[in-house]
Amino acid sequence: MNGLKRTEYCGRIGKKDLGNPVTLMGWVQSRRDHGGVIFIDLRDLTGIVQVVFNPDVSPEAHRIAHSLKDEYVIAVNGTVKNRPEDSINEKIPTGYFEVMVDSVKILNESDPLPFPIEDEIDAGEPIRLKYRYLDLRRGPMRERLIARHKLMQTTRAFLSGEGFFEIETPFLTRSTPEGARDYLVPSRVNPGKFYALPQSPQLFKQLLMVAGFERYFQIVKCFRDEDLRADRQPEFTQIDIELSFVEAEEVRSLTEALLVEIFDKVRGTHLPQPFPVLTYEEAMRRFGTDKPDLRIPWELSDFTDLAKEVDFKVFRSAAENGGLVKCLNARLCGSLSRKEIDDLLEEIKPYGAKGLAWIKVTENGLQSPITKFLNKGFTEELFKRTGASSGDLLLFQADTPEVVNAALSHLRNHLGKRMLPVSKDDFRPLWVVNFPLLEYDAEEKRYVAMHHPFTAPMAEDIPLLDQEPSKVRAQSYDIVLNGYEIGGGSIRNHSREVQYRMFSLLNISEEEANQKFGFLLEALNFGAPPHGGIALGLDRIAMLLSGGNSIREVIAFPKTQRAVCLLTEAPSEVSPRQLQELYLKLIPPRK
RNA sequence: GGGGGCGUAGUUAAGUUGGUUAUAACGCCGGCCUGUCACGCCGGAGGCCGCGAGUUCGAGUCUCGUCGCUCCCGCCA
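Per this note's numbering, residue 1046 is the first one in the first sequence, and the count goes up by one each step.
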């Protein structure tokens, strides 16, 4: 840069600089050439300031300014001046000042851009991802990544202050059964063997508890080779926490304090404590989901008992065959037209819904195609259980419990966000606790762990492990915010016996358990303290903090839904030589 | 694995019942302009209508297939 030294940032030019010489460096945001005087908005990390090239002040600088184009990188020397009174720009923080340029140096040129560097942009996501380094020059992207930085720094400061140690764990580790599909890494020095990238540092953090660190945390990448969603990337970041000598309540109150601190420090939002705590059973009953969005003040009510008595076949057969009949009271949605209500069925078909029964509550009574089937007892209870009043819309599902809950909770979210003033500045956290320890996997014909296989059952449910495994509740907890699961954890099994019982319920023999998890099981034999922890989804928290709809917006270099990086074009083919070194041979994909 | 939406200049979009040379805005290139800040004015270039078949005298438009992006279901302990 020929010994040039920047003396101030563009966004920080102010009264203090008036009359002083400054050297600024940055990018050409825009050029306004009046034939005579030329204005440039110069941008750096901190903002923009107008720099002025006047041929009467410096003919040489003015000549160079003619050749400047968008996103050229330049250094300017000049003097800070007040703008003429009629030229003040109130829209930018430096709008009262400008820099009259004496000399300018072009540090680098730029090709014409694929899209403009502006806050509001209408370019599509693919082009933004291909040129992510340009997309990240835009103010909103910069702010989101800076907020993410603050989130990480706040977390580190808070947890360090609480006596936690940040300890790294391996990325090249062993593949274990259960859970998500692993990303595998072939080992060159061990032909035919593979590492797996961790789905989470779960086992290592438990080993750190056995090692006596008592309080561990890590901000760490995790890898899961599963299909992507707006809130799911194949590599994502967790705030991973584990503590010894604690029970669930302590992990929860620590997590609450951390989240309160994060929301305060990063966006100045106060989260009221304590967070509500719902059992899994209660969440499913009242909201039909284990991650309800509490910004929507609607609940479900159960009519399965009464449905057995009514003359409406859809209701009665569901109720008699182990299904559920539930109702969502979409308050004040009675204004929806017949067609709008019919269209709702399309919304819930993906969840297996086959129909949608509805009742409008009007001042003149109930209006519905199904009231003629309902007996008096049913309609009386209708008001009691749903709290319905005039103007409300009651939506019914009668089907298997899974379909009923999925469909109604989707309608609750869908209609709630459409009909209610649900704000992204409104944050409603809650805990959902005591999930079932196990769920039956019909495909594999065995139980699988709902959280993970190291989760401890609730002490009072241990007797049920043999008779009714599906009724056993876990000492587990999810933290939910505005309909997103932003974290989950549990108290772990520190007893080797209980851990073996868990494996046997999962249909994993003692021999297999020893082979695959032997290192953990053995560690439990050497004075493992009672311990538990939680993992928070940093990307999702960052997304919610910045009001986004996708975690891609808070990840510097995210992947597309096909798990491709449009910037680097990863994944890519590799050379035959690389494959040979790894003793790998490709099999063409089945058609 | 399945369902929905989208794919047309560099970018974002329009494009009628299938019909002449595929439009517009921004951007880009050239010229003019000494107080603009979405600067303004004049002129110009720029197209594999995602790709491939098919129907048709004729396809951006209709059909089938395929690829890509996206949202969702399954999947994600």
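From the three backbone atoms N, C-alpha and C, an ideal C-beta is built for every residue, glycine too. Here the structure is a predicted model, which means the values were calculated and not measured.
How close, in whole Å, do the beta carbons of residue i and residue j come, if the pair is a contact with beta carbons under 8 Å?
| i | j | result |
| --- | --- | --- |
| residue 1125 | residue 1142 | 6 Å |
| residue 1368 | residue 1443 | 6 Å |
| residue 1303 | residue 1200 | 7 Å |
| residue 1187 | residue 1162 | The Cβ separation is near 11 Å, so there is no contact. |
| residue 1517 | residue 1502 | 5 Å |
| residue 1240 | residue 1269 | That pair is no contact at about 15 Å. |
| residue 1628 | residue 1237 | 6 Å |
| residue 1528 | residue 1336 | 6 Å |
| residue 1279 | residue 1611 | That belief does not hold up - the Cβ atoms of residue 1279 and residue 1611 are roughly 14 Å apart, past 8 Å. |
| residue 1178 | residue 1159 | The pair is not a contact, with the Cβ atoms about 11 Å apart (cut-off 8 Å). |
| residue 1644 | residue 1311 | Residue 1644 lies beyond the range of the chain shown here (1046 to 1636); nothing can be said about it. |
| residue 1402 | residue 1386 | Residue 1402 to residue 1386, Cβ: 10 Å. No contact. |
| residue 1246 | residue 1263 | 6 Å |
| residue 1548 | residue 1558 | 4 Å |
| residue 1392 | residue 1455 | 7 Å |
So who's on the other strand from residue i, going by DSSP bridges?
| i | result |
| --- | --- |
| residue 1402 | 1441 |
| residue 1145 | 1097, 1124 |
| residue 1324 | 1478 |
| residue 1072 | 1088, 1118 |
| residue 1267 | 1281 |
| residue 1576 | 1289 |
| residue 1370 | 1443 |
| residue 1412 | 1405 |
| residue 1151 | 1119 |
| residue 1581 | 1284, 1532 |
| residue 1241 | 1218, 1229 |
| residue 1262 | 1211, 1286 |
| residue 1525 | 1475, 1530 |
| residue 1485 | 1492 |
| residue 1500 | 1537 |
| residue 1346 | 1372 |
| residue 1067 | 1123 |
| residue 1363 | DSSP output for residue 1363 lists no bridge partner at all. |
| residue 1451 | Its beta-bridge partners do not exist; DSSP assigns none. |
| residue 1177 | For residue 1177, which the question treats as bridged, DSSP gives no partner whatsoever. |
Might you give, ordered along the chain, the residues of its own chain that have their beta carbon closer than 6 Å to the beta carbon of residue i, omitting 5 neighbours on each side?
| i | result |
| --- | --- |
| residue 1523 | 1477, 1530, 1533 |
| residue 1676 | Residue 1676 falls outside the range modelled here, since the chain spans only 1046 to 1636, and no answer is possible. |
| residue 1096 | 1085, 1087, 1121, 1144, 1146 |
| residue 1083 | 1098, 1110 |
| residue 1481 | 1495 |
| residue 1066 | 1124 |
| residue 1423 | 1351, 1355 |
| residue 1063 | 1125 |
| residue 1168 | 1160 |
Count the other C-beta atoms from every protein chain shown that fall within 10 angstroms of the C-beta of residue i, then say buried if there are 16 or more, exposed otherwise.
| i | result |
| --- | --- |
| residue 1300 | buried |
| residue 1586 | buried |
| residue 1350 | exposed |
| residue 1407 | exposed |
| residue 1578 | buried |
| residue 1383 | exposed |
| residue 1519 | buried |
| residue 1604 | buried |
| residue 1492 | buried |
| residue 1634 | exposed |
| residue 1398 | buried |
| residue 1074 | buried |
| residue 1360 | buried |
| residue 1379 | buried |
| residue 1357 | buried |
Excluding five sequence neighbours on each side, which residues of the same chain lie with their C-beta closer than 7 Å to the C-beta of residue i?
| i | result |
| --- | --- |
| residue 1450 | 1329, 1333, 1334 |
| residue 1467 | 1340, 1341, 1461 |
| residue 1210 | 1258, 1260, 1261 |
| residue 1566 | 1541, 1544, 1558, 1559 |
| residue 1060 | none |
| residue 1381 | 1438 |
| residue 1538 | 1499, 1501, 1544, 1547 |
Suppose the cutoff is 8 Å on Cβ atoms and the five residues either side in sequence are ignored; what does the same chain contact list for residue i look like?
| i | result |
| --- | --- |
| residue 1331 | 1323, 1337, 1344, 1345 |
| residue 1486 | 1492, 1493 |
Kindly confirm or deny that the segment 1470-1479 and the segment 1415-1429 touch, where touching means at least three C-beta pairs closer than 8 Å.
no
Hey, is the segment 1222-1230 in contact with the segment 1613-1626, meaning 3+ C-beta pairs nearer than 8 Å?
Result no; under three Cβ-Cβ pairs closer than 8 Å.
Are the segment 1507-1516 and the segment 1251-1267 touching, with three or more C-beta to C-beta distances below 8 Å?
no
Answer yes if the segment 1341-1359 comes into contact with the segment 1370-1389, meaning at least three C-beta pairs across the two stretches below 8 Å, and no otherwise.
yes
Three or more C-beta pairs closer than 8 Å, one from the segment 1282-1289 and one from the segment 1241-1260: is that the case here?
With a cut-off of 8 Å, the segment 1241-1260 and the segment 1282-1289 count as touching, because enough Cβ pairs lie within range.
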